[in-house]
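S.K.: Residue numbers (my numbering): 10 to 711.
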Ligand code: ADP
Ligand code: MG
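#1: State yes or no: is the C-beta of residue 309 nearer than 7 Å to some heavy atom of the ligand ADP?
#2: Give me the DSSP bridge partner(s) of residue 130.
#3: Please name the residue, chosen from 106, 347, 468 and 364, that lies closest to residue 336 on a Cα-to-Cα basis.
#4: Pull up the distance between the alpha-carbon of residue 572 and that of residue 606, whole angstroms please.
#5: Buried or exposed for residue 450, please, with buried defined as at least 16 other CB atoms from any protein chain shown within 10 angstroms of its CB.
#6: Counting pairs of beta carbons, one from the region 294-303 and one from the region 354-364, are three or more of them closer than 8 Å?
#7: Output needed for residue 179: all residues of its chain with C-beta closer than 8 Å, excluding positions within five of it in sequence on either side, in chain order.
#8: Go ahead and label residue 132 buried or exposed: buried means 16 or more other beta carbons lie within 10 angstroms of its beta carbon, across all protein chains shown.
#9: Please go through the region 577-618 and give each complete alpha helix (DSSP H) segment of 4 or more residues, from N-terminal end onward.
#10: With a threshold of 6 Å on Cβ separation, who are the neighbours of residue 48 within its own chain once the five nearest residues in sequence on each side are excluded?
#11: Does the Cβ of residue 436 lie closer than 7 Å to at least one heavy atom of the ligand MG?
#12: Can you give me the Cβ contacts of residue 138 inside the same chain, cut-off strictly under 6 Å, excluding the 5 residues immediately before and after it?
#13: Are there three or more Cβ pairs, one per stretch, closer than 8 Å when the region 195-209 is compared with the region 65-82?
#14: List, from N- to C-terminal side, the alpha helix (DSSP H) runs of 4 residues or more that fit wholly inside the region 286-359.
#15: Please classify residue 502 as buried or exposed, where buried requires at least 16 neighbouring CB atoms within 10 angstroms.
#16: Would you grab the beta carbon distance between residue 623 and residue 494 for me? Rounded to a whole angstrom, and I think it's under 8 Å.
#17: Where does the unbroken alpha helix (DSSP H) through residue 217 begin, and where does it stop?
#18: From the DSSP secondary-structure annotation, give me the bridge partner or partners of residue 239.
#19: Please report the straight-line C-alpha distance between residue 702 and residue 298, rounded to a whole angstrom.
#20: Tell whether a beta-carbon distance below 8 Å holds between residue 692 and residue 235.
#21: Can you tell me whether residue 408 sits near the ligand MG, meaning its C-beta is under 7 Å from at least one heavy atom of the ligand?
#22: Where does residue 502 sit, in a helix, a strand or coil, going by DSSP?
#23: Below 8 Å, how does it come out for the region 542-557 and the region 460-476: are there three or more Cβ pairs, yes or no?
#24: Give, in chain order, every unbroken run of the alpha helix (DSSP H) that is at least 4 residues long and sits entirely within the region 656-684.
#25: Thinking just about the alpha-carbon of each residue, which of 568, 242, 635 and 598 is nearest to the one in residue 673?
#26: Roughly how many angstroms separate the alpha carbons of residue 312 and residue 354, rounded to a whole number?
#27: I'd like to confirm something about residue 313: is its beta-carbon nearer than 7 Å to some heavy atom of the ligand MG, or not?
#28: Nearest CA to the CA of residue 5: which residue from 546, 637, 348 and 671?
#29: Do you know how far the Cα of residue 36 is from the Cα of residue 120?
#30: CA-CA distance, residue 659 and residue 670?
#31: Where does residue 180 fall in DSSP's three states?
#32: Determine whether the beta carbon atoms of residue 455 and residue 514 lie at a separation below 8 Å.
#33: Roughly how many angstroms lie between the CA atoms of residue 66 and residue 122, to the nearest whole one?
#34: Is it buried or exposed, residue 546, if we count other Cβ atoms within 10 angstroms and call 16 or more buried?
#35: Closer than 7 Å: is that where the CB of residue 284 sits relative to any heavy atom of the ligand ADP?
#36: Across which residues does DSSP place residue 497 in a beta bridge pair?
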């Protein structure tokens with residue numbers, strides 16, 4: 010008897026050549042791998058089209074009829090076979106460039122055939138190239154297989170004719186070899202019952218060899234549910250474990266402390282409803298004695314800094330230090346300044362530590378942090394260095410979380426005997442389903458409201474030929490004393506080209522807006538940090554009106570006087586990046602503009618992205634669209650996570666409901682049986698152990 014983990018090569022019908030393709034092209038090594046190689050859609054082979062109703066570029070079309078002529082032309086490698094096919098409603102050309110030797114004699118007059126393939130049109134004539142072909146008689150012999158799966162394929166597997174039919178036959182061979190009940194069920198019986206799921210073996214069998222589509226959708230549901238369920242079970246059990254093992258520092262409320270004074274004397278505006286809600290969520294965490302591990306999602310400009318300030322004040326009021334870590338030097342500086350502005354004359358000692366802090370100052374800071382005279386520290390990665398030790402840190406706030414690796418953050422947590430509370434802030438809204446998957450073990454707060462009085466940014470898309478309109482806007486805004494960003498895309502294939510784009514852009518702009526009336530600076534990633542800072546300073550101080558830049562300005566630059574964001578070749582950017590860039594303007598009281606410059610020829614995806622940008626300024630909505638357009642695997646900042654975000658069948662952009670079901674089920678199970686010790690959960694305990702090993706946690710590792 011074979012086992013599921015036998016090498017695919019020895020399965021009848023495979024052999025060394027195909028085995029090699031399976032391994033290198035499709036990552037299929039064993040019988041089990043092949044069983045888990047699932048169709049992503051199905052075609053109904055019982056349906057025939059009439060040639061008269063065919064549309065060019067229609068995929069997976071099946072027609073039945075006869076050949077009325079055939080002719081081979083050309084010689085050697087250039088030979089091709091062309092035949093005319095009709096079903097009585099119309100005619101179609103059928104062409105072969107390969108295997109002519111075999112096919113030509115197989116085409117006989119007065120015999121009915123079934124052809125299956127993709128329809129093309131050339132000079133007004135419909136055609137099919139290299140269709141699957143068999144006689145109607147043969148087709149009828151196996152007609153019970155109405156639904157044929159379409160499997161993922163590569164060019165090589167396609168050329169080797171590894172198609173749905175071949176795979177289905179191989180899968181049949183496997184089931185014959187392993188016998189019934191060889192595939193162990195992975196989910197407990199009560200879950201199968203609760204959700205009316207087919208068992209694993211049935212599901213796999215159905216997906217390869219379905220007889221009707223409702224069966225398929227039940228089997229797909231089972232596989233999707235399971236994929237998502239395991240992720241959620243890992244998250245639930247991790248969260249439960251942390252809650253059991255990590256002591257939280259309990260903060261208490263008290264009057265006449267800094268937080269109260271801040272509210273009375275310093276808070277420049279009332280909190281938004283969303284800020285109030287998020288603060289109460291944070292309070293509940295830190296006052297409960299549990300360890301806070303919370304993600305704050307809020308769109309650009311939603312007021313996350315203030316949340317950080319209030320939370321840090323709570324830590325300081327309770328006799329602890331607090332730190333705020335930012336991904337770049339400029340951001341850290343801006344944060345330090347915002348904190349100073351917010352906190353005014355409150356007796357709080359704030360320090361700034363970055364890569365460019367002098368040795369002398371570093372020593373002072375190290376001393377101040379160990380003896381407790383510094384209560385609040387803002388910094389970059391420099392905070393992670395071993396020389397930085399705290400007296401008693403009670404809260405770490407991390408801004409723009411996806412720029413820091415998991416290991417880096419873990420290093421920060423380890424600086425204390427007691428784990429400080431953790432607040433992670435992200436300015437890149439991500440879809441809820443993605444958040445549940447990536448940050449499923451964190452508590453999530455959402456600031457879904459902008460402070461009042463913001464004027465929405467007016468976004469327009471212009472073609473290259475309308476460039477003058479953009480110049481007019483810039484001129485007008487500068488005349489009113491405003492400042493302008495012009496951003497060029499990074500095209501990773503060629504750094505030199507990128508730079509040329511940027512330099513050409515700079516030259517054009519300085520020609521249209523010449524010195525001394527205008528001053529334009531250029532900023533890009535290849536500059537030395539000091540040069541870059543110097544240029545940014547020129548802009549921040551208002552000395553320069555125009556900044557021509559690559560995406561280095563994406564994160565966090567705050568110049569409220571800037572009112573125009575021009576994005577060149579905007580179709581090349583992802584939606585979340587466009588949104589981030591647009592967020593650089595609209596920070597002051599003035600009406601702001603975002604101009605998306607698009608080439609004259611752009612893809613339909615590019616068109617959809619730019620259309621979405623013009624339509625809405627809501628970052629969450631854009632994130633949803635981005636995921637639908639690009640798939641979850643390409644959403645910015647998710648790749649580094651090492652967490653599973655692409656699945657065999659489940660799709661975070663489409664299966665939100667299944668995620669909810671899976672998450673609720675997983676968390677309920679862990680709530681009732683934290684260590685999965687109950688007999689009915691034995692399959693879950695086993696599955697979890699298998700899945701644990703390669704998963705990263707937000708803070709388990711160092
Ligand atoms: P982000 O969430 O992008 O980090 P910031 O914290 O930088 O946003 O806030 C953006 C701007 O909004 C800042 O100038 C800040 O002072 C202001 N702000 C924050 N909260 C409020 C509020 N409740 N009312 C009015 N303005 C606010
Ligand atoms: Mg911010």
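From the three backbone atoms N, C-alpha and C, an ideal C-beta is built for every residue, glycine too.
This structure is a prediction, so every number in the text was calculated from the model and none was measured.
M.R.: According to the structure shown:
#1: yes
#2: 135
#3: 364
#4: 16 Å
#5: buried
#6: no
#7: 20, 22, 23 and 43
#8: exposed
#9: 584-591
#10: 158, 159 and 160
#11: yes
#12: 104
#13: no
#14: 313-326 and 338-352
#15: Because the pLDDT of residue 502 is 49, which lies under 50, any placement of that residue in the model is unreliable, and the number read from its coordinates should be weighed accordingly. The residue is exposed, with fewer than 16 neighbouring Cβ atoms inside 10 Å.
#16: Incorrect: roughly 18 Å between the Cβ atoms, too far for contact.
#17: 209-217
#18: None, per the DSSP bridge assignment.
#19: Low confidence applies here, because residue 702 scores a pLDDT of 46, under 50, leaving its location unreliable and the question unanswered by this model.
#20: no
#21: yes
#22: Model confidence at residue 502 stands at a pLDDT of 49, short of 50, so the residue's coordinates are unreliable; what they give is reported in the following sentence. If DSSP states are grouped into helix, strand and coil, residue 502 belongs with coil.
#23: no
#24: 665-681
#25: 242
#26: 22 Å
#27: yes
#28: Outside the modelled stretch of the chain, which goes from 10 to 711, sits residue 5, for which no answer is possible.
#29: 41 Å
#30: 13 Å
#31: helix
#32: no
#33: 21 Å
#34: exposed
#35: yes
#36: Looking at the DSSP assignment, residue 497 forms no beta bridge with any residue, so it has no partner.
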